[in-house]
Amino acid sequence: MVDFMSLTGKLEDLAISDIFQILSIGKKTGALLIKTTNLHAVVIFKKGLVVKGESNAL
């Protein structure tokens with residue numbers, strides 16, 4: 004069985020650093036998608052560690 008965790012919300016409610024800490028401490032594996040009007044980014048976690056990141060920002 005595969006467990007899925009979904010976080011949805013506004014960064015004004017929870018700092019991005021807090022989200023990274025939750026994923027790190029929980030040793031989570033998956034993708035964190037960040038979308039704003041001008042920015043689309045993805046950060047890939049494997050067992051709580053950031054293994055890749057991409058964005059459309061210059």
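Numbering of the sequence shown is given in our numbering, commencing with residue 4 and proceeding in unit increments.
Glycine is no exception: its CB is placed at the ideal position from the N, C-alpha and C atoms.
Asked                                                                    : Found
DSSP state of Ser20 mapped onto helix, strand, coil                      : helix
Coarse secondary structure for Ser9, derived from DSSP in three states   : coil
Bridge partners - Gly56, DSSP secondary structure assignment             : Val46
Endpoints, the beta strand (DSSP E) within which Leu35 is located        : Gly33 to Lys38
Neighbour-count burial assignment, Val45, 16 or more Cβ in a 10 Å radius : exposed
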